[in-house]
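Residue numbers (the working numbering): 31 to 350.
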């Protein structure tokens, strides 16, 4: 009878004086070279793809942030044929649609306000005549009607100012504007004698004078209305190539949850939702639109420990 032997398990024992001797015995260099070659090839093939994707995502993120700030003329490159290219096309369509809707809304508000000016003017004249001829028993009622007409007229004027301030930057001609005389005119018009000034001398910015006056006037009016009985400060300085015009007070400030919505049309914090406390909620919206039309930007924030700060950032005019 023939017995077939089967190989059993084999144990290899290597005895070496050091670990380096074992590594030399196993000849690791080919394996190391092969691994390095794989890593290098992976980098050569995948790095351009990863960089292309991250660059495209960065551009899309920046574009959506600008659109969220109201800059609806923002567009992104949509030449890619992959999903990112389709996303860019969708963002461009969204921006164009938002631009059309917002422009149409502002145009409608401006047209409606303009059409309301004439009947309101006639109504004011009629109420004035009625006030001169009224019966003493009706004098209080006529005064109430006059107050309501004045409120309507103020709202219509704010709507007109908002629609005019919403002009696109390319439709506004920017000229060098010296800040000191402009600020003096605004303070005199707003009767803001208690405003403390800290202005850099000879500061000239690029702006449209009427829009800048309207923006600064609204900020001063808000500070005087909501800043309490404390002092109001107005300062102007430079940061790099920008001029910063600041209006700040020492009042209660704005609720933190309302900060992000300041500048939205018709939005007012809860504390300002009374006739005595504020208007229609268009003041800061007019300021933001006017500053953006001058190719600047607006910063609104609370101060520590209390108070509110509004900053207008504008480009400095080049030296003559």
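Every residue gets a Cβ at the ideal spot worked out from N, C-alpha and C, and that includes glycine.
Residue i (DSSP reduced to helix, strand or coil)
| i | result |
| --- | --- |
| residue 338 | strand |
| residue 72 | helix |
| residue 276 | strand |
| residue 290 | coil |
| residue 102 | coil |
| residue 302 | Any reading at residue 302 must be qualified, since the residue scores a pLDDT of 49, below 50, and its modelled position is unreliable; the value itself is stated next. Helix. |
| residue 262 | strand |
| residue 333 | coil |
| residue 79 | helix |
| residue 283 | coil |
| residue 216 | helix |
Where residue i falls, given that 16 or more other Cβ within 10 Å makes a residue buried
| i | result |
| --- | --- |
| residue 138 | exposed |
| residue 228 | exposed |
| residue 247 | buried |
| residue 62 | exposed |
| residue 82 | exposed |
| residue 134 | exposed |
| residue 221 | exposed |
| residue 159 | exposed |
| residue 207 | buried |
| residue 224 | exposed |
Alpha carbon of residue i to alpha carbon of residue j, nearest angstrom
| i | j | result |
| --- | --- | --- |
| residue 171 | residue 344 | 48 Å |
| residue 70 | residue 316 | 57 Å |
| residue 230 | residue 168 | 55 Å |
| residue 74 | residue 342 | 48 Å |
| residue 186 | residue 140 | 9 Å |
| residue 304 | residue 154 | In this prediction, residue 304 scores a pLDDT of 47, lower than 50, which makes its location untrustworthy; no coordinate-derived value is stated. |
| residue 407 | residue 347 | The requested residue 407 does not occur in the structure, where the chain is confined to residues 31 to 350. |
| residue 237 | residue 244 | 12 Å |
| residue 157 | residue 313 | 27 Å |
| residue 269 | residue 202 | 24 Å |
| residue 258 | residue 326 | 28 Å |
Residues bridged to residue i [DSSP beta-bridge criterion]
| i | result |
| --- | --- |
| residue 345 | 272 |
| residue 207 | 235 |
| residue 226 | 263 |
| residue 328 | 342 |
The region 175–191 contacting the region 139–149, beta-carbon criterion three pairs below 8 Å: yes
Inter-stretch contact at 8 Å, needing at least 3 Cβ pairs: the region 200–216 / the region 172–183: no
Cβ pair count under 8 Å reaching 3, the region 329–336 against the region 267–286: yes
Sufficient close CB pairs (3 or more, under 8 Å) joining the region 82–98 to the region 106–121: yes
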